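Here the structure comes first, spelled out in structure tokens, and everything after it is commentary.
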Amino acid sequence: MPDYKAPVKDMQFVLHEVFNAESIWSKLGLEEVNRELADAILDEAAKISENLLSPLNRSGDEEGVSWNDTVVTTPKGFPEAFKELAEGGWGALAGAPEYGGQVIPKMLVLMFEEMSYGSNIALGLYLSLTSGAALALANHASDELKEKYLPNMYSGKWAGSMCLTEGHAGTDLGMIRTKAEPQADGSYSITGNKIFITGGEHDLTENIVHLVLAKLPDAPAGSKGISLFLVPKFHVNDDGSLGERNGVSCGSVEHKMGIHASATCVLNFDGAKGYLVGEVNKGLAAMFTMMNYERLSVGVQGLGLAAAAYNGSLDYARERLQSRSPAGPQNADGPADPIIVHPDVRRMLLTQKAYVEAGRAFAVFVGQQLDTAKFGEGEEQARAAGLVELLTPIAKAFLTDKGLDCTVLGQQCFGGHGYVREWGMEQLVRDVRIAQIYEGTNGIQALDLMGRKVAANGGQNMGVLLQEMRDYAESVTTAGMEEFTAPLQSAVEVLDSLTRDVLNAAKNDPHAVGAASVEYLHAAGYTIYAYMWARMAEAALKAGDNEFYTSKLHTARFYMKRLLPQLQALATSVRAGSDVLMDLPESAF
2 MPDYKAPVKD
12 MQFVLHEVFN
22 AESIWSKLGL
32 EEVNRELADA
42 ILDEAAKISE
52 NLLSPLNRSG
62 DEEGVSWNDT
72 VVTTPKGFPE
82 AFKELAEGGW
92 GALAGAPEYG
102 GQVIPKMLVL
112 MFEEMSYGSN
122 IALGLYLSLT
132 SGAALALANH
142 ASDELKEKYL
152 PNMYSGKWAG
162 SMCLTEGHAG
172 TDLGMIRTKA
182 EPQADGSYSI
192 TGNKIFITGG
202 EHDLTENIVH
212 LVLAKLPDAP
222 AGSKGISLFL
232 VPKFHVNDDG
242 SLGERNGVSC
252 GSVEHKMGIH
262 ASATCVLNFD
272 GAKGYLVGEV
282 NKGLAAMFTM
292 MNYERLSVGV
302 QGLGLAAAAY
312 NGSLDYARER
322 LQSRSPAGPQ
332 NADGPADPII
342 VHPDVRRMLL
352 TQKAYVEAGR
362 AFAVFVGQQL
372 DTAKFGEGEE
382 QARAAGLVEL
392 LTPIAKAFLT
402 DKGLDCTVLG
412 QQCFGGHGYV
422 REWGMEQLVR
432 DVRIAQIYEG
442 TNGIQALDLM
452 GRKVAANGGQ
462 NMGVLLQEMR
472 DYAESVTTAG
482 MEEFTAPLQS
492 AVEVLDSLTR
502 DVLNAAKNDP
512 HAVGAASVEY
522 LHAAGYTIYA
532 YMWARMAEAA
542 LKAGDNEFYT
552 SKLHTARFYM
562 KRLLPQLQAL
572 ATSVRAGSDV
582 LMDLPESAF
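For our numbering, count along the sequence shown from 1 and bump the result up by 1.
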């Protein structure tokens, strides 16, 4: 399997030269987070990813998790690696400081997440689920619950999980059957079954804190009757010590296409004691704090694995000798030329490079909005919060769709060796595939974008994003930027027109939003990536002429000329309307 190489230099380029992150953090009152600290975190994260996580990736996939009479055992080396991550404070980067967390901006945390997922997604999942659960508790739990649970979750002594899905209720959570019975001591008795629970049971920590959606006996029907509960694997005594086992157990683990070392569990709650988080019947809103965190995190999974595939296939393309270049021998002393001389191999490599590097910039852009929404004030904060709502489904879906595309291209560069297990590329394809499915399938993300985030408010937040991109393209004065701003401006106008067309169609067609949603999300993704590439090209032009910046400019050109034109085809597809989808009788399928 190719050795994981953390893209630290490119991360520094995006943070410092494209976004001037230190200036952003200073304006948000985060002066203690400067470039020196950021680079130190990136360097240490790279060491952890390359030397601790990556060596366990293939062995973890081969061994997988095992289940025996409710007990789940993770692969060899995982408990020790998780402990080292916890002791290094990697699970508390963005936590509430009053309970042991660190105030590290999301723009920077996302870079660590990319490295952890790219080097070992299965192990990274245990940490990210804990961080997401802690975020939900920090925002919605009582002070008593925060004090009792958050310090041990931030320290990595305890883990967290998210328990939503049931066998009959996936996207439609209003159908859940798990019950919560009020008890005399103020707690609740939780009974029901949950499936697809990542990290629902394992041997990495001494306790697991489950966040469980359930309904009270008198709850309103549908999603308006859902409440959120904290259900610990082991009861926690008043002095913080662990008590008896709670009434929650693992009935089995799923046998999956990928992420074999991640325990995906069926959990049975049999009168388990739980504690209300937030308000009765408002649990879905509280859980969305964690879900939205995980959705962006899943997008970064797609990015991390795509980056790993690109690095592996690039190394292979430089070493593998096959045939001669169409322009004549490039490796005259060898029997053949390295395959990187061939146009189609370059097409595959450049496509990966263009998507990965734009995706990294996009992730940091979303992180900037999250930081501003959290630490900013007034109109700036409100604007950022609106953009977070808009961009989250795009980040989750587009990053993971392109993540699969890139891992497949990376595998293809290896030819037959890419299909062979020992080379590691097929694992990247298998592992990234789930990212398009969990935390809300990408089709659901597209429907959320088109329906809730665009149509529901008349495209208000989309208008803000479109105007930002317009303003940027019109205000750039750096010499040589016309070749990048012109296609960006054209793309913005296409997306703007497409938005208005779908909104108008939706006035008379109930299927218009659903029919347009996936292609519309991709159209938004391609346009945003054009914005990211324009900004990266400007930074490269300002920096001067060396190999790194020349590579940026060439990749920007490739994106604008060879990938961005797909936007036109997507727009044509969207404007075809819903009739071509809906007019066929079901019996005719």
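Idealized CB from N, CA, C, for every residue including glycine. These numbers were taken from a predicted model, which means no experiment stands behind them.
Practice item. Please classify His236: does DSSP put it in a helix, a strand, or coil? Key: Strand.
Check your understanding: So is Met258 buried or exposed if we call it buried at 16+ other beta carbons inside 10 Å?
Key -> exposed
Point to revise | C-alpha gap between Leu467 and Ile438, whole angstroms | key: 28 Å
Check your understanding: At which residue ranges does the stretch 15-65 contain complete alpha helix (DSSP H) runs of 4 or more residues, listed in the order of the chain?
Key -> The stretch 15-65 contains these whole alpha helix (DSSP H) runs: 22-28, 36-49 and 58-64.
Check your understanding: Expressed to the nearest angstrom, what Euclidean distance is found between the alpha-carbon atoms of Leu394 and Arg296?
Key -> It is worth fixing the name first, because residue 394 is Pro in this sequence and not Leu. Pro394 and Arg296: Cα-Cα distance of roughly 7 Å.
Exercise for review: Could you check if Val249 is buried or exposed, using at least 16 other CB atoms within 10 Å of its CB as the buried criterion?
Suggested key: buried
Practice item. Would you kindly report the start and end of the unbroken beta strand (DSSP E) that includes Asn194? Key: For Asn194, the enclosing beta strand (DSSP E) covers residues Tyr189 to Thr199.
Exercise for review: Quickly, what does DSSP pair Met163 with across the bridge? List them, please.
Suggested key: Leu212
Practice item. Could you check which residue in Gly102, Met108, Asn58 and Thr199 has the C-alpha nearest to that of Asp40? Key: Met108
**Study point:** Contact the stretch 155-175 vs the stretch 92-109: 3+ CB pairs below 8 Å
**Key:** yes
Review point. Do Gly201 and Ala264 have their C-beta atoms within less than 9 Å of each other?
Key: yes
Review point. With distances taken between CB atoms, is the gap from Val608 to Val34 smaller than 9 Å?
Key: Only positions 2 to 590 of the chain appear in the structure, and residue 608 is not among them; the question remains open.
**Study point:** Backbone secondary structure at Arg246 - three-state DSSP
**Key:** strand
Practice item. Identify whether Ala220 lies in helix, strand or coil by the three-state DSSP scheme. Key: coil
Check your understanding: Can you name the start and end residues of the beta strand (DSSP E) that Thr265 belongs to?
Key -> Thr265 to Val278
Exercise for review: Select from Leu565, Gln428 and Gln461 the residue whose C-alpha is nearest the C-alpha of Val389.
Suggested key: Gln461
Exercise for review: With DSSP collapsed to three states, give me the class of Asn458.
Suggested key: helix
**Study point:** Three-way DSSP call (helix, strand, coil) for Leu585 in this model
**Key:** DSSP places Leu585 in coil when its eight states are reduced to three.
Review point. Where DSSP assigns a beta bridge to Phe485, which residues make up the other side?
Key: Answer is none; Phe485 lacks a bridge partner.
**Study point:** Residue environment, Tyr560, which counts as buried when at least 16 other CB atoms sit within 10 Å
**Key:** buried
Point to revise | Beta-carbon contacts of Val477 that lie in its chain and below 7 Å, excluding the five residues immediately before and after | key: Once the five neighbours on either side are set aside, the close Cβ partners of Val477 are Thr486 and Glu539.
Review point. Given a threshold of 16 other Cβ atoms within 10 Å of its Cβ, counted over all protein chains shown, does Gly1 qualify as buried or as exposed?
Key: The shown model of the chain, from 2 to 590, leaves out residue 1, and the question about it has no answer.
Check your understanding: Alpha carbon to alpha carbon, what distance is there between Leu57 and Gly78?
Key -> 7 Å
Point to revise | Rounded straight-line distance, which links the Cα of Met451 to that of Ala572 | key: 14 Å
Review point. Per the contact definition of three or more C-beta pairs closer than 8 Å, is the stretch 545-562 in contact with the stretch 406-419?
Key: no
Check your understanding: Looking at the unbroken alpha helix (DSSP H) that takes in Ser67, where does it start and where does it end?
Key -> Segment Ser67 to Asn69 is the beta strand (DSSP E) holding Ser67; no alpha helix (DSSP H) there.
**Study point:** CB contact flag (Leu136, Gly96, <9 Å)
**Key:** Yes. Within cutoff.
Point to revise | Inter-residue spacing [alpha-carbon to alpha-carbon] between Phe590 and Gly481 | key: 53 Å
Review point. Which residue comes first and which comes last in the beta strand (DSSP E) that contains Glu182?
Key: Lys180 to Pro183 is the span of the beta strand (DSSP E), which, as asked, contains Glu182.
Review point. Taking the beta strand (DSSP E) that Thr479 falls in, what are its first and last residues?
Key: Thr479 -> no beta strand (DSSP E), and no H or E assigned at all.
Practice item. Go through its chain and collect everything with a Cβ distance to Phe270's Cβ below 6 Å, but skip five positions before and after it. Key: Ile191, Thr192, Gly193 and Val249
Review point. When we look at the beta-carbon of Gln184 and count the other beta-carbons within 10 Å, is it buried (16 or more) or exposed?
Key: Around the C-beta of Gln184, fewer than 16 other C-beta atoms lie within 10 Å, and the residue is accordingly described as exposed.
Exercise for review: Along the beta strand (DSSP E) that carries Thr74, what are the first and last residues, could you check?
Suggested key: Val72 to Thr74
Practice item. May I ask you to report which of helix, strand or coil DSSP gives Pro566? Key: coil
Check your understanding: If you pair each beta-carbon of the stretch 74-88 with each one of the stretch 322-339, do three or more pairs fall below 8 Å?
Key -> no
**Study point:** Inter-stretch contact at 8 Å, needing at least 3 Cβ pairs: the stretch 136-152 / the stretch 313-327
**Key:** These segments do not touch.
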